[in-house]
Amino acid sequence: MNDMPDQPKSSDDVQQLLRDLSIGGLQYREFAKPNAAHLRLAPNRPAVEAPAASPPSSAPPLQTPPLASLPQPAAAPPLPGTEVGPAPARRPAATPRAVHESPLNFTFERLRRQAIASRATPLQLDLKLPSRRRVTLPSHLDQLQKRPLPEVFSSLCRTAGDQRSIS
Amino acid sequence: MRLSVILLIVAVAVPAYAVISAPLSLFWQSFTAIGMLVAANVLVRLRDYRWALALMGLSVLASSRYMWWRLTETLPLGHGFNAWDMFWACGLIIAELYAYLILILGFVQTAWPLHRKPEPLPADPSRWPTVDVFIPSYNEPLQVVRPTVLAALALDWPRDKLNIYLLDDGRRDEFRQFCEEVGVTHLTRSDNKHAKAGNINAALKRTHGDFIAIFDCDHIPVRSFLQMTMGTMIADPQISLVQTPHHFFSPDPFERNLNTFRKVPNEGELFYGLIQDGNDFWDASFFCGSCAVLRRQTLDEIGGIATETVTEDAHTSLRMHSRGWKSAYINIPQAAGLATESLSAHVGQRIRWARGMAQIFRVDNPMIMRGLKLGQRLCYTNAMMHFFYGVPRLIFLTSPLAYLLLGADIIKAQGWMVLAYAMPHVLLATITNSRLQGRYRHSFWAEIYETVLATFIIAPTLLAVINPKLGKFNVTAKGGIVDRDYFDKDIAKPYYLLFLLNLAGFSVGIGRLLLGNPHPDTVLLNLGWTAYNLLIIGGALAVASEKRQVREAVRVRTRIPAAIATEPGGEAYLTDTLDVSYGGAALQAPESLALQPGQRLQVLLMPQRNDVWIDAVVRRCGHRMVAVEYEAMSIAQESALVQALFGRADAWMQWRDRQDRDRPLHAFGEVAQNGLRGARAFFRWAFTTIFNRTADRSARSGSA
Chain A
1 MNDMPDQPKS SDDVQQLLRD LSIGGLQYRE FAKPNAAHLR LAPNRPAVEA PAASPPSSAP
61 PLQTPPLASL PQPAAAPPLP GTEVGPAPAR RPAATPRAVH ESPLNFTFER LRRQAIASRA
121 TPLQLDLKLP SRRRVTLPSH LDQLQKRPLP EVFSSLCRTA GDQRSIS
Chain B
168 MRLSVILLIV AVAVPAYAVI SAPLSLFWQS FTAIGMLVAA NVLVRLRDYR WALALMGLSV
228 LASSRYMWWR LTETLPLGHG FNAWDMFWAC GLIIAELYAY LILILGFVQT AWPLHRKPEP
288 LPADPSRWPT VDVFIPSYNE PLQVVRPTVL AALALDWPRD KLNIYLLDDG RRDEFRQFCE
348 EVGVTHLTRS DNKHAKAGNI NAALKRTHGD FIAIFDCDHI PVRSFLQMTM GTMIADPQIS
408 LVQTPHHFFS PDPFERNLNT FRKVPNEGEL FYGLIQDGND FWDASFFCGS CAVLRRQTLD
468 EIGGIATETV TEDAHTSLRM HSRGWKSAYI NIPQAAGLAT ESLSAHVGQR IRWARGMAQI
528 FRVDNPMIMR GLKLGQRLCY TNAMMHFFYG VPRLIFLTSP LAYLLLGADI IKAQGWMVLA
588 YAMPHVLLAT ITNSRLQGRY RHSFWAEIYE TVLATFIIAP TLLAVINPKL GKFNVTAKGG
648 IVDRDYFDKD IAKPYYLLFL LNLAGFSVGI GRLLLGNPHP DTVLLNLGWT AYNLLIIGGA
708 LAVASEKRQV REAVRVRTRI PAAIATEPGG EAYLTDTLDV SYGGAALQAP ESLALQPGQR
768 LQVLLMPQRN DVWIDAVVRR CGHRMVAVEY EAMSIAQESA LVQALFGRAD AWMQWRDRQD
828 RDRPLHAFGE VAQNGLRGAR AFFRWAFTTI FNRTADRSAR SGSA
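Protein sequences appear in the order of chains A and B. Residues in the first sequence are numbered from 1 upward in steps of one, following the working numbering. Residues in the second sequence are numbered from 168 upward in steps of one, following the working numbering.
Okay, structure coming up:
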């Protein structure tokens with residue numbers, strides 16, 4: 001079921017497709033404005049109780065795609081639903097322009113795509129991630145705290161050669 | 168100019184004649200055969216397409232040389248041969264001449280595929296013409312038609328210039344209600360005269376768009392269809408028709424029963440992938456009844472869609488061409504539909520095509536019809552002649568039996584000599600076709616496709632030639648389901664008769680060889696031929712072993728961005744689909760989401776373009792995937808699903824890219840494997856049937 005590494009992800013971006021596949025100089029026009037969904041994204045934390053969904057050890061790890069990697073067509077508004085915070089202190093850029101029906105539209109469109117990341121009013125996504133947690137496992141910490149200091153220092157002072165001989 | 172052409176023809180024809188007609192001994196003919204094979208193997212490795220043309224020339228030389236030899240030296244005439252030998256020999260030579268003619272015509276037809284690209288449209292959409300979309304339907308269920316209508320509504324074309332009509336020859340209330348609900352026009356007429364052609368002609372009288380886009384009711388267009396095709400129409404006002412491929416997202420009976428879906432190109436891919444592109448070079452690409460745009464002015468001029476034959480589409484475009492109109496083919500899948508589910512439905516559809524083409528051959532023969540160019544005559548003739556393959560195929564499948572079972576000498580030559588002449592003919596044709604068609608038809612698969620249909624199309628084509636008015640239009644059944652595994656013994660009857668005959672011939676041949684036949688080379692040659700036939704017929708038997716269709720709705724393996732929410736308006740988890748169907752979807756399970764079977768959730772497909780959530784229930788989860796089944800959908804939800812699943816511009820565009828290229832030996836291995844599988848299925852069925860009948864009889868006699 002999951003053996004589809006060759007399967008390209010669909011973006012349904014016709015203009016990009018025409019360019020990628022070199023199929024003519026058609027300037028594609030969208031007549032039905034795409035209604036991008038307003039999503040409130042869930043935080044990316046592992047499930048606590050999901051016995052049925054637990055993967056076999058052979059399965060590759062799967063990651064929920066980060067928001068930034070979600071493909072967005074040029075004509076679509078930024079992924080709505082993600083709460084837009086105040087713009088950071090950056091150099092303001094030109095006001096976003098509408099795509100005109102001009103013969104040069106192709107060029108403008110391409111430039112717009114390239115410039116989209118450096119816009120003056122980029123999105124700041126407030127993902128409401130949970131606060132950071134300590135990574136060290138408590139059991140190890142406890143163990144470390146229980147060891148007498150001389151033993152800790154002596155282990156630190158071992159030479160690399162000693163360690164090799166030990167291992 | 169004309170003189171230079173004549174000189175060129177003479178310059179090529181004289182040495183070609185010398186090569187074709189030179190009589191050679193066995194040694195020198197074998198030497199020539201090896202030389203031709205070596206040359207072909209060199210040419211096939213050269214990527215420049217002009218070398219493929221050279222390969223074509225070489226193949227024509229080898230085949231012509233073989234045919235010349237067959238006609239001048241091997242007919243069983245003279246002392247030692249009788250009328251019986253001559254009868255069988257005539258049959259074989261007619262079949263070989265037919266195959267030779269089709270080979271040459273095929274080379275001409277596909278010599279230079281045009282690979283036409285979409286033309287740009289005027290910058291100002293207000294200058295774009297009006298388009299009427301016709302979706303004819305007769306007896307198909309509404310669930311088959313709904314996605315087509317919803318996808319047509321989402322075509323990227325100015326709203327005020329697009330009108331959608333559902334041409335309902337079934338005059339059904341539920342269709343009318345659906346049309347009212349979604350806002351398309353429901354057109355009916357008082358009778359069903361001339362079937363689909365009549366239905367379209369009736370609609371033409373009641374509509375006014377400049378252009379007509381026609382979709383069979385199960386062919387779902389992608390949203391870019393009109394912009395991909397209409398530029399060509401506008402750029403050249405002489406173009407009357409723009410056709411696009413018929414693409415099928417469900418496996419046909421060959422693909423399902425032989426398990427070759429998306430691995431081996433299906434039966435139709437050669438036509439839509441290469442032949443129509445080749446026709447386009449000769450301005451002879453023709454209308455295929457669906458997924459095409461036609462110019463109303465031309466239709467008005469020729470009196471609408473042709474109604475005299477059951478393949479009204481090809482007949483209509485033939486008439487357009489004969490009046491000087493042009494056609495175009497854009498080889499980019501812009502719609503997709505359901506393939507026929509069962510072998511019997513598939514055979515029924517092909518019988519109609521064969522009969523229709525034979526009718527056109529009789530009613531408006533392209534070789535004598537006025538107004539056509541030479542290239543158009545040849546392309547149309549090949550398209551029609553192709554459907555007369557029934558008798559030749561049957562002859563090829565039985566010819567060695569004339570020698571093995573009946574003792575007839577049908578070729579007046581030594582076995583080794585036949586091999587020395589026939590091998591370069593057959594192998595070069597195979598290598599050349601693999602070079603030209605490899606992407607769209609794997610070697611040796613045509614043998615299975617033709618064997619399956621051969622016996623069924625003989626009578627309809629011959630009857631159509633005798634009386635083109637015989638028979639009526641039969642609608643191809645779509646949207647059904649094969650609910651169990653079974654051996655279709657009725658449709659397989661000709662295959663197992665042929666199989667048993669060949670098996671008998673093979674056994675007798677082995678016996679002859681062991682008993683010391685004076686011509687062991689001839690016996691061996693016929694045994695090899697019979698063994699090959701057994702494999703091919705075995706392949707046909709494998710196709711007749713129907714495999715159960717697991718799901719009612721066809722799953723399309725596609726990777727679409729999606730989102731899952733466990734409650735309306737709740738937090739969304741971004742993911743991708745693994746496959747999607749009209750009834751449900753399989754998605755990669757977000758790591759941070761715990762799901763249980765039976766849990767209700769919402770799925771959003773293509774969130775960057777669509778904000779309509781679909782209610783669903785989890786059916787299975789685990790192994791990092793979740794399978795959901797949609798709940799009852801509103802029109803908006805169904806439309807969102809259609810857009811995401813079928814309506815995406817890139818839905819089918821790169822479908823062919825994932826298929827393997829043809830490797831003739833590998834393809835032969837696959838065909839042989841299926842042949843053995845089919846033979847096994849047949850024996851299993853035969854022994855089970857015999858055993859059951861015997862058991863029944865003994866039970867009945869016991870009870871009596």
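C-beta: ideal position from N, C-alpha, C; glycine also. Treat the numbers as computed from the prediction; the structure is a model and nothing was measured.
Asked	Found
Select from the segment 768 to 780 of chain B all residues with a C-beta closer than 7 Å to any C-beta belonging to chain A, and list them in chain order.	L771, M773, P774, Q775, R776, N777 and D778
Considering only the alpha carbon of each residue, which of A:L18, A:L39, A:N35 and A:S10 lies closest to Q27 of chain A?	A:L18
Could you have a look at F854 of chain B and say whether DSSP puts it in helix, strand or coil?	helix
Determine, using beta carbons only, whether Y740 of chain B comes closer than 9 Å to chain A.	yes
Thinking L561 of chain B and A711 of chain B are a contact (beta carbons under 8 Å), I'd like their distance in whole angstroms, please.	Incorrect: roughly 17 Å between the Cβ atoms, too far for contact.
Could you check whether the segment 435 to 453 of chain B touches the segment 268 to 282 of chain B, counting it as contact only if at least three pairs of C-beta atoms, one from each stretch, sit closer than 8 Å?	yes
For I731 of chain B, report the span of its beta strand (DSSP E) as first-last.	P728 to A732
Let me check understanding here. Comparing Cα to Cα, which of B:L485, B:V809, B:Y653 and B:D652 lies closest to G750 of chain B?	B:V809
So, helix, strand or coil for L603 of chain B, using DSSP?	helix
Output needed for I625 of chain B: all residues of its chain with C-beta closer than 8 Å, excluding positions within five of it in sequence on either side, in chain order.	G557, V558 and L561
Please report how far the alpha carbon of W255 of chain B lies from the alpha carbon of T697 of chain B, in whole angstroms.	16 Å
Check the Cβ of I499 of chain B against every Cβ in chain A and list those closer than 7 Å, keeping chain order.	I23
Please report whether the beta-carbon of R40 of chain A lies at a distance below 9 Å from any beta-carbon of chain B.	yes
At a CB distance below 7 Å, what residues from the segment 24 to 35 of chain A approach chain B? Give them in sequence order.	G24, G25, L26, Q27, Y28, R29, E30, F31, A32, P34 and N35
Given a cut-off of 9 Å on the beta-carbon distance, is the pair E798 of chain B and V784 of chain B in contact?	yes
Look at G683 of chain B and R828 of chain B and say whether their C-beta atoms are less than 9 Å apart.	no
Once DSSP output is grouped into helix, strand and coil, what is the label at Y28 of chain A?	coil
Can you list, in chain order, the residues of its chain whose CB lies under 6 Å from that of P757 of chain B, leaving out five sequence neighbours each side?	Y740 and T742
Put G161 of chain A into one of helix, strand or coil per three-state DSSP.	Caution applies to G161 of chain A, whose pLDDT of 48 falls short of 50 and renders its modelled position unreliable; the value that the coordinates give is listed next. Note: G161 of chain A maps to helix in three-state DSSP.
Would you please verify whether the beta carbon of D323 of chain B is less than 9 Å from any beta carbon of chain A?	yes
Identify which residue in B:R423, B:V477 and B:D403 has its Cα closest to the Cα of K493 of chain B.	B:D403
Leaving out five residues on either side along the sequence, give the residues of the same chain with a beta carbon under 6 Å from the beta carbon of A145 of chain B.	Residue 145 of chain B lies beyond the residue range present for chain B, which begins at 168 and ends at 871; the question has no answer from this structure.
DSSP puts D335 of chain B in a beta bridge; with which residues?	B:S304
The beta strand (DSSP E) spanning L768 of chain B covers which residue range?	R767 to L772
Taking 7 Å as the limit between beta carbons, can you name the residues of its chain near A115 of chain A, skipping five residues before and five after?	Annotation note: pLDDT 48 at A115 of chain A (below 50); position unreliable, coordinate value reported separately. Within the same chain, A115 of chain A has no close Cβ partners at all.
Starting from the beta carbon of P285 of chain B, find every residue of chain A whose beta carbon is closer than 7 Å, and list them in chain order.	I23, G24 and L26
In the DSSP assignment, the beta strand (DSSP E) including T725 of chain B goes from what residue to what residue?	Careful: T725 of chain B lies outside any beta strand (DSSP E) and carries neither H nor E.
Would you say S759 of chain B lies against chain A (beta-carbon separation less than 9 Å)?	yes
Since W116 of chain B and V431 of chain B are thought to touch, with beta carbons under 8 Å apart, how far apart are those beta carbons, to the nearest angstrom?	There is simply no residue 116 of chain B to check, as chain B begins at 168 and stops at 871 in what is shown.
Put E796 of chain B into one of helix, strand or coil per three-state DSSP.	strand
Tell me whether D336 of chain B counts as near the ligand MN, meaning its Cβ is closer than 8 Å to at least one heavy atom of that ligand.	The ligand MN is not part of this structure, which contains no ligands at all.
To the nearest angstrom, how far is it from the Cα of L175 of chain B to the Cα of T239 of chain B?	27 Å
Whose C-beta lies closer than 8 Å to the C-beta of F415 of chain B among residues of the same chain, with five residues either side of it excluded?	N433, G435, A503, G504, L505 and A506
So, under 8 Å CB-CB, L571 of chain B and G672 of chain B are touching, yes? Tell me the CB distance rounded to an integer number of Å.	4 Å
Where does E348 of chain B fall in DSSP's three states?	helix
Which same chain residues, not among the five before or five after P55 of chain A, have their C-beta less than 6 Å away from its C-beta?	Residue placement at P55 of chain A cannot be trusted, given a pLDDT of 37 that sits under 50; the coordinates are not used to answer.
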